[in-house]
Amino acid sequence: MLAAAPEFGQAHIIVMGDVMLDRYWSGQASRISPEAPVPVVRVKNIEDRIGGAGNVALNIARLGGRVTLLGVIGDDVEGGILRKLLEAESVACDFVVEPSIRSICKLRIMAQHQQLIRLDFEETPLNVNKEALLTRLARHLPGSDAVVFSDYGKGTLTHVPEYIAQARQAGVKVLVDPKGVDYERYAQADVITPNLSELQAVVGVCADENGLIESGRSLLKRHQIGTLLLTRGEAGMTLIQDAHVHSLPAQAKDVFDVTGAGDTVIAVMALAVAIGKTLHDAMYLANLAGGIVVGKLGTSTVSLLELMRAMHGERDSQYGVVSEEELARIIARAKANDERIIMTNGCFDLLHAGHVTYLEQAKALGDRLIVAVNSDASVRQLKGDTRPINRLQERMMVLAALACVDWVVSFEEETPERLYCKLLPDVIVKGGDYRPEEVAGGDCVIKAGGEVRILQFVDGQSTTAMIKKARGEE
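The structure is reproduced here in structure tokens:
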């Protein structure tokens with residue numbers, strides 16, 4: 003349906019809704035507790051992820067869109083973690099901080115990639131300052147292309163009719179991921195995205211397809227909503243309007259975890275609508291993205307490269323931009339096939355001939371080359387506030403297009419030491435005048451039987467020199 007990559011970088015979107023922290027404690031469960039008939043999990047990893055409306059914003063940012071997130075958090079550690087995680091991903095945060103509440107946190111205990119229990123830390127409905135949110139929304143509406151209202155029923159969108167009215171008055175497209183059975187609250191929205199069970203909770207269980215479509219149309223007419231995008235699990239998606247209905251089959255081959263899939267769907271819909279795509283094309287992209295994200299563990303996102311591969315029927319490709327978890331599994335399979343894994347890292351802000359030569363030399367040392375790329379926040383720490391020139395997803399896409407590069411992964415820290423110690427490649431390659439013992443993570447790899455190799459950069463080639471030349475400083 004679409005051949006070229008959508009230019010999501012042109013979109014500026016506001017997301018407003020319930021922001022929450024998704025926390026994962028993961029480990030092994032090999033015995034039953036003597037205290038009660040429950041498994042004992044020896045926790046080996048603790049991970050914080052962005053959830054709720056924050057995950058919608060994160061999906062938009064990772065696909066290249068500009069996004070501002072509005073919501074309510076507490077004046078607490080979890081709220082600070084949320085802000086830090088979001089800003090590291092180039093999500094602009096304009097939160098109302100309420101000292102009287104605690105930020106929402108959902109703790110999931112995992113063993114062998116299975117969720118054993120979820121513990122919710124929240125005091126809802128949230129104490130919401132409506133005027134503060136209206137002020138923030140009005141501040142960001144000029145220049146925005148769409149607003150997403152992500153309703154998880156926690157209280158941030160208690161006054162959503164007023165927020166929708168404000169957005170429509172500004173001439174901005176309104177998309178809503180609804181909650182509950184009172185859809186009058188979402189009147190005048192352009193697009194709503196309930197799943198099948200959510201819709202049937204409002205209109206009742208329908209006897210057949212025609213009944214479902216007519217019930218959807220009746221709902222739209224009753225509340226003056228433009229379009230209903232119905233997500234139907236293994237049955238795919240259906241776009242319902244007053245005069246038209248369009249359905250697509252599900253794209254997921256393996257469903258691993260549906261957590262956050264709705265966030266991805268509405269994020270892609272908003273991006274596509276914001277850059278002027280038809281609703282049919284927006285639905286097509288959202289369907290592909292939803293099929294990708296349900297194959298991942300936990301609250302996840304989709305990269306632009308993954309979406310492009312899916313557009314060209316290459317969703318199961320072994321190469322390209324991957325998550326840290328995916329890469330760990332890929333490396334295990336590669337090593338089982340006696341493949342020699344080479345790994346290097348860098349900012350790779352403006353790719354030049356020196357970079358390409360260096361990466362080709364690195365690849366020649368083994369069978370597979372992995373490039374770890376500094377996140378935008380990490381680049382700013384290293385290079386200053388004027389860098390990076392290109393955002394993380396753009397830098398990763400360019401690297402993934404090189405024939406010598408097999409996989410590209412990102413990391414948040416100033417150095418990739420944690421990543422190297424976790425993945426344990428056969429060889430770490432570093433460019434410059436380093437000694438092997440000075441390379442971050444090198445000690446872990448050497449202890450595991452690997453090695454560190456130092457390569458010389460090509461003389462006269464550097465990103466800094468390119469920037470100075472472009473600015474006429476040379």
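Just remember that our numbering sits 2 ahead of the position in the sequence shown, which is counted from 1.
By construction, the Cβ of each residue, glycine as well, lies at the ideal position given by its N, Cα and C atoms.
Keep in mind it's a predicted model, so treat the numbers as computed, not measured.
Per DSSP, N347 forms a beta bridge with which residues? A374
Quick check: the Cα distance between V43 and A191, rounded to an integer number of angstroms? 45 Å
Inside the region 204-243 only - beta strand (DSSP E) runs reaching at least 3 residues: 229-233, 239-242
Write down every uninterrupted run of the beta strand (DSSP E) in the region 9-92 whose length is 3 residues or greater and which is fully enclosed by it, in chain order. 14-19, 21-34, 41-54, 68-76
For R389, report the span of its beta strand (DSSP E) as first-last. Looking at the DSSP string, R389 is not in any beta strand (DSSP E), and its letter there is neither H nor E.
Output the residue ranges of the alpha helix (DSSP H) runs that lie fully inside the region 80-168 and measure 4 residues or longer, sorted by chain position. 132-142
For V69 and D428, I'd like the C-alpha separation in whole angstroms. 39 Å
Reducing DSSP to helix, strand and coil, say where G356 ends up. helix
Under three-state DSSP, which class holds E453? strand
Evaluate I103 with the Cβ neighbour count: other Cβ atoms within 10 Å of its Cβ, from every protein chain shown; 16 or more gives buried, anything less gives exposed. buried
Please name the residue, chosen from V323, N376, L404, that lies closest to I391 on a Cα-to-Cα basis. N376
Mind reading off the beta-carbon distance from I106 to L23? Whole number of angstroms is fine, and I expect it under 8 Å. 7 Å
When you compare only the Cα positions, how much space is there between Y165 and H354? 47 Å
With distances taken from CA atoms, which of R51, G19, R25, G11 is nearest E414? R51
With distance defined between alpha-carbon atoms, name the residue in V79, P196, L425 nearest to K337. L425
Taking the alpha-carbon of I16 as reference, which of G54, R33, V58 has the nearest alpha-carbon? V58
What span of residues does the alpha helix (DSSP H) with G433 cover, start to end? Here G433 belongs to no alpha helix (DSSP H); instead the beta strand (DSSP E) covers 429-433.
In the DSSP output, which residue or residues are listed as bridge partners for K175? A148
Boundaries of the beta strand (DSSP E) in which V410 is found, first to last residue: 409-413
Measuring only the C-alpha atoms, how far is F123 from E80? 10 Å
Given a cut-off of 9 Å, decide if A276 and K175 are closer than it, judged by their beta-carbon atoms. yes
Using a Cβ-Cβ cut-off of 6 Å (strictly less than) and excluding sequence neighbours within five positions of A269, which residues of its own chain qualify? V58, N61, I62
Could you pull the start and end residues of the beta strand (DSSP E) that L250 belongs to? 247-250
Where G488 sits in the DSSP three-state scheme: Absent from the structure is residue 488, since the part of the chain shown begins at 3 and ends at 476.
According to DSSP, residues forming a beta bridge with N339: For N339, which the question treats as bridged, DSSP gives no partner whatsoever.
In DSSP terms, what V323 is bridged to: V410
Apply the 10 Å Cβ neighbour rule to Q114 and answer buried if 16 or more other Cβ atoms are within range, or exposed otherwise. exposed
Around the Cβ of Q116, are there at least 16 other Cβ atoms within 10 angstroms (buried) or fewer (exposed)? exposed
Whole-angstrom Cβ separation of G218 and L201, contact assumed at under 8 Å? 7 Å
For my contact list, G54 and L71 are in at a C-beta cut-off of 8 Å; report their separation, rounded to the angstrom. Incorrect: roughly 10 Å between the Cβ atoms, too far for contact.
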